[in-house]
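Just below is one structure, and these are the notes that go with it.
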Amino acid sequence: MTLGEALPWLVALAMLLSSGFFSGAETALFSLGEEQIAVAKPRVRKLLSQPRELLVTILLGNLFINLLFFTSLPYLFPSAMQSHGLLTGAEALLALLVVGEIVPKTLALRSSQRVSSLAAVPLVPILAWVRPLRRGVNAIMDVILRALGVGHAAERGVSPQDLATALELSAQDGDLAAREADLLAEIVDLGHLRVREIMTPRVDMLAADLDHDAEQRVHLLQETERQRLTWLPVIRGDADTVVGRVEVRDMLLEPDRPLAEISMPVTFVPEVASVLSMLEILRAERVAEAIVIDEWGGTAGVVTLEDLFEELVGEMRVEGEELDRIVIPLGEGCYRVSGGASIRDWNDSFEAEVVPNAFETVGGYVTALLGRIPRAGDQVTLGAGLACKVTEVRGRRVLSVELYLEGRQGGES
């Protein structure tokens, strides 16, 4: 077969494969679940952030290729069309169904993530090329939908994932500095962040007891100065019986006055509430702090606006105060980590999910792995070539651990 004889077949095959590309791309992209979209490449997420435009572009491309295929048959195969026009047309339709629809859609369903990543490469520029035509089609669609009483085509609302994707793309394009993008991403994520993830836990909570004598109040005020606290929960007997809150300055100005007379009502928030819900409660009550309660109504800890600010911008300190570091490098492949550090902060420090987010603190995760109260020197394997050694324990609480690559135990480098 000469090149002249093969050329019509090659052109027809190219059009069939092009039709298959659009069919497969549509199936692959629109069959991705939320979890698959979350880990997809940025260009895939960018395409899916505008689903209507993407769908119209794919349908226009597929329609154009299919029309071109059938209208070009008399020019590509003139003899066959003249002698066996109906049969040739049926064969062409069967070829289009198999090569242009069934096979690519089947492959796309089986490997939707891989096909989506490949299809996104040409689709991004195609989306821009057909923008003028797409606008005309959208206008016609809106007219038809309004005539049917549907109104404008509904678009889904902007989700936090859409905003996170837009921020990531803006940072990659240089429109936002990396730090600005990180801060905005933290704000977008506030709806998923729970109060228990940013609160000061009950074991670290300092409180003023109604039954404290003068000497105990002096010691308490000294501790508030050391911790730079401006207010305290007021309890009766134990931390589960919180009856109010008191300003430290009021305790200093009126040291002999009973706490019950200078205390004020306190606000409560559930530990499972989102940080956004907590903000609404604090705003409505016009306060900057609250007591966090667990599912049984007991005291889980305290939370303040400062805790939220530190979650967004990092730990804050005043002049002369040392900044607590969550992760301290000790050597090659070895780190010291605070046992009270939140799992979220730890994972952020390593920019990976080193520890499952199902746990609240590093110490809690180590305790769960050991299945007992940890002791200094205990070692556990975290998986993925990582191991952990308990270095300091106070009572039943893990104060610090060392994280190291297996084979570098004890900070060897």
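Quick note on numbering: the sequence shown equals residues 198 to 610 in our numbering. All C-beta atoms, glycine included, are put in the ideal place defined by N, C-alpha and C.
Distance between residue j and residue i (C-alpha atoms, nearest Å)
i: residue 302; j: residue 568; result: 49 Å
i: residue 216; j: residue 296; result: 8 Å
i: residue 424; j: residue 459; result: 21 Å
i: residue 203; j: residue 341; result: 45 Å
i: residue 397; j: residue 498; result: 5 Å
i: residue 351; j: residue 313; result: With a pLDDT of 44 at residue 351, under the threshold of 50, the modelled position of that residue is not reliable, and the figure given next carries that caveat. Cα-Cα distance, rounded: 24 Å.
i: residue 159; j: residue 577; result: There is no way to answer for residue 159, as the model of the chain reaches only from 198 to 610.
i: residue 245; j: residue 443; result: 52 Å
i: residue 530; j: residue 524; result: 12 Å
i: residue 290; j: residue 213; result: 10 Å
i: residue 478; j: residue 506; result: 16 Å
i: residue 285; j: residue 238; result: 42 Å
i: residue 201; j: residue 207; result: 10 Å
i: residue 610; j: residue 528; result: Bear in mind that a pLDDT of 35 at residue 610, under 50, signals an unreliable position, so the number given afterwards is only what the model happens to contain. Spanning the two alpha carbons is a distance of roughly 6 Å.
i: residue 421; j: residue 451; result: 16 Å
i: residue 298; j: residue 343; result: 32 Å
i: residue 563; j: residue 468; result: 22 Å
i: residue 221; j: residue 304; result: 7 Å
i: residue 276; j: residue 265; result: 19 Å
i: residue 339; j: residue 261; result: 22 Å
i: residue 579; j: residue 570; result: 17 Å
Residue nearest to residue i in terms of C-alpha spacing, selected from the options
i: residue 210; options: 256, 267 and 228; result: 267
i: residue 453; options: 288, 407, 277 and 222; result: 407
i: residue 273; options: 529, 441, 508 and 205; result: 205
i: residue 320; options: 243, 472, 541 and 409; result: 243
i: residue 540; options: 245, 558, 527 and 281; result: 558
i: residue 496; options: 593, 464 and 199; result: 464
i: residue 536; options: 528, 526 and 560; result: 560
i: residue 250; options: 312, 334 and 573; result: 334
i: residue 219; options: 256, 417, 571 and 280; result: 256
i: residue 592; options: 572, 579 and 598; result: 572
i: residue 180; options: 304, 300, 309 and 316; result: No statement about residue 180 is possible, as the shown extent of the chain runs from 198 to 610 and does not include it.
i: residue 470; options: 480, 481 and 491; result: 491
i: residue 252; options: 327, 538, 574 and 392; result: 327
i: residue 482; options: 462, 332 and 412; result: 462
i: residue 427; options: 308, 445, 579 and 230; result: 445
i: residue 402; options: 480, 476, 374 and 489; result: 489
i: residue 411; options: 475, 455, 332 and 441; result: 455
One or two residues paired with residue i in a DSSP bridge
i: residue 492; result: None, per the DSSP bridge assignment.
i: residue 444; result: 428
i: residue 461; result: 442
i: residue 525; result: 533
i: residue 539; result: 558
i: residue 594; result: 591
i: residue 398; result: 498
i: residue 406; result: 432
i: residue 577; result: 585
i: residue 644; result: In the structure as shown, the chain starts at 198 and stops at 610, and residue 644 therefore has no counterpart that could be examined.
i: residue 616; result: The first residue shown for the chain is 198 and the last is 610, placing residue 616 beyond what the model contains.
i: residue 240; result: DSSP, once it has assigned bridges, lists no residue as partnering residue 240.
i: residue 391; result: 471
Sequence-distant residues of its chain with Cβ nearer than 7 Å to residue i (five each side left out)
i: residue 501; result: 485 and 486
i: residue 600; result: 532, 534, 583 and 585
i: residue 330; result: 257
i: residue 417; result: 405 and 409
i: residue 141; result: The first residue shown for the chain is 198 and the last is 610, placing residue 141 beyond what the model contains.
i: residue 449; result: 418
i: residue 598; result: 534, 536, 559, 563, 585, 586, 587 and 588
i: residue 441; result: 431, 460, 461, 462 and 463
Within-8 Å CB hit, residue i to chain D
i: residue 448; result: Here there is only one protein chain, and chain D is not present.
Cβ-based neighbour list, residue i, same chain, cut-off 8 Å, excluding 5 preceding and 5 following
i: residue 353; result: For residue 353, the predicted structure reports a pLDDT of 47, less than 50, and the residue's modelled location is therefore unreliable. The matter cannot be settled from this model.
i: residue 404; result: 429, 430, 431, 432, 436 and 439
i: residue 306; result: 224, 225 and 228
i: residue 602; result: 530, 531, 582, 583 and 584
i: residue 575; result: 563, 567, 586 and 587
Contacts around residue i, its chain only, beta-carbon distance under 6 Å, and the 5 residues preceding and following it disregarded
i: residue 271; result: 278
i: residue 596; result: 536 and 589
i: residue 615; result: Residue 615 lies beyond the range of the chain shown here (198 to 610); nothing can be said about it.
i: residue 345; result: none
i: residue 526; result: 532
i: residue 390; result: 472
Whole-number beta carbon distance between residue j and residue i, since they are thought to touch under 8 Å
i: residue 263; j: residue 293; result: 7 Å
i: residue 324; j: residue 224; result: Going by Cβ atoms, the distance from residue 324 to residue 224 rounds to 18 Å, so no, they are not a contact pair.
i: residue 504; j: residue 337; result: Actually they do not touch by this definition, with Cβ atoms about 53 Å apart.
i: residue 400; j: residue 466; result: Not confirmed; about 19 Å, so no contact.
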